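Numbering (numbering that gives the first Met the number 0), first residue to last: 0 to 274. Even glycine gets a Cβ: it sits at the ideal position worked out from N, Cα and C. The structure presented is a predicted model; accordingly, all values stated were derived computationally and were not measured. See below for the structure under consideration.
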Amino acid sequence: MPYATTRDDTRIFFYDWGGGPPVVFIHGWPLNADAWQDQLKLVKDNGFRAIAHDRRGHGRSDHPAGGYDFDTFADDLRDLIESLDLRDVTLVGHSMGGGELARYIGRHGTSRLRKAMLLSAIPPLMLRTDGNPEGTPQEVFDGLKNGILAERSQFWKDTAEVFFGADRPGSKVTQGNKDAFWLMAMAENIEAGVACVDAFSATDFTEDLRRFDIPTLIVHGDDDQVVPIAAAGEKASRIIPDNTYRVYQGGSHGIAMVPGEKERFNADLLEFLRA
């Protein structure tokens, strides 16, 4: 299996399929590159080079005891991109992966990039503060960490319901969606699981978003129960200079995997890549 080695000797697993302009997919928490299987095949079959990696502490990448912060994740992404000497890259980040994308631009600029796409992404800031009243209260994030520490296997089964909007009337979420979520979540180590909650809840990406100087597509569901749209997609669309903002009515957090939602997303993705 292919691995890239980072500056601190952490091995990062990645898929690399096809040829053409590169598209790098960045997964959300607590998933891994397998969350992008449908999109990897889609873009590969349509003339693009499809790449997706497992974040450190997730899936098949190394599982160090620390380094679960966005500066480190962004530097890992930089190391992957430079090890493959990728240029004119389109970055696609889901959820926490959108934070990784934003911090990459904030730290390393856009010299190797062509476009960016944020899907159900966490920027600019998830945590509720005086300056961010639309955010999520701290006690919600404390509950996530407590759930992981108490019995993480059952916690992930329960979390899959809201991740995909399976608790909503008329949901098209399959048992397979939920099983896949659990399988990927269990491949994230418990240290990363807890530390990532602190990282994605409290990291402010506002200044990173202001550094975007490439065309950006923002996609967010208005029924996202994990990353509420008011504190995320709506605010990001007002900060990023050159963006197109698409709201999916009734869309869940797991848009790229849910039948009915993923087909629309795939069409929007291809349209954006071809433009």
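Of the listed residues the options, nearest to residue i (C-alpha basis)
| i | options | result |
| --- | --- | --- |
| A32 | D141, A235 and D53 | D53 |
| D178 | Y14, L30 and V22 | L30 |
| L39 | P20, W16 and H26 | W16 |
| L272 | N45, Q224 and H26 | N45 |
| D78 | H219, A3 and S200 | A3 |
| G58 | A266, I189 and L269 | I189 |
| D207 | I121, G18, A64 and L182 | I121 |
| T158 | G169, F140 and P20 | F140 |
| G105 | I213, L143, Q36 and D267 | I213 |
| T205 | G130, F24, G18 and R86 | G130 |
| L268 | I217, P258 and D75 | I217 |
| L112 | L76, A191, R167 and P123 | L76 |
| W28 | T135, S236 and A191 | A191 |
| A186 | V196, F162 and W155 | W155 |
| L143 | G97, V246, E160 and V193 | V193 |
| G108 | P123, R263, R86 and L41 | R86 |
| T5 | D68, P227, F211 and S82 | S82 |
Extent of the continuous beta strand (DSSP E) run through residue i
| i | result |
| --- | --- |
| K114 | L112 to L118 |
Beta bridge counterpart(s) of residue i as assigned by DSSP
| i | result |
| --- | --- |
| R10 | T4 |
| R48 | P21 |
| W16 | A49 |
| L126 | T135 |
Residue range of the unbroken alpha helix (DSSP H) whose run includes residue i
| i | result |
| --- | --- |
| A159 | Q137 to F162 |
| D178 | Q174 to M185 |
| D197 | I189 to A201 |
Meets three-Cβ-pair contact criterion under 8 Å: the segment 103 to 119 and the segment 80 to 93: Taking one beta carbon from each stretch, the segment 103 to 119 and the segment 80 to 93 have 3 or more pairs nearer than 8 Å; the two touch.
Length-filtered (3 minimum) beta strand (DSSP E) runs lying within the segment 205 to 261: The segment 205 to 261 contains these whole beta strand (DSSP E) runs: 215 to 220 and 242 to 247.
Every unbroken beta strand (DSSP E) within the segment 39 to 107, with a cutoff of 3 residues, ordered by chain: Listed in chain order, they are 48 to 52 and 88 to 93.
Three CB pairs or more closer than 8 Å across the segment 0 to 18 and the segment 156 to 176: Contact between the segment 0 to 18 and the segment 156 to 176 is absent: fewer than 3 CB-CB pairs across the two stretches fall below 8 Å.
Three or more C-beta pairs below 8 Å linking the segment 249 to 263 and the segment 208 to 227: Yes, since at least three Cβ pairs between the segment 249 to 263 and the segment 208 to 227 fall closer than 8 Å, the two stretches touch.
Contact between the segment 194 to 204 and the segment 137 to 151 (3+ Cβ pairs under 8 Å): Cβ pair count under 8 Å is three or more, so yes.
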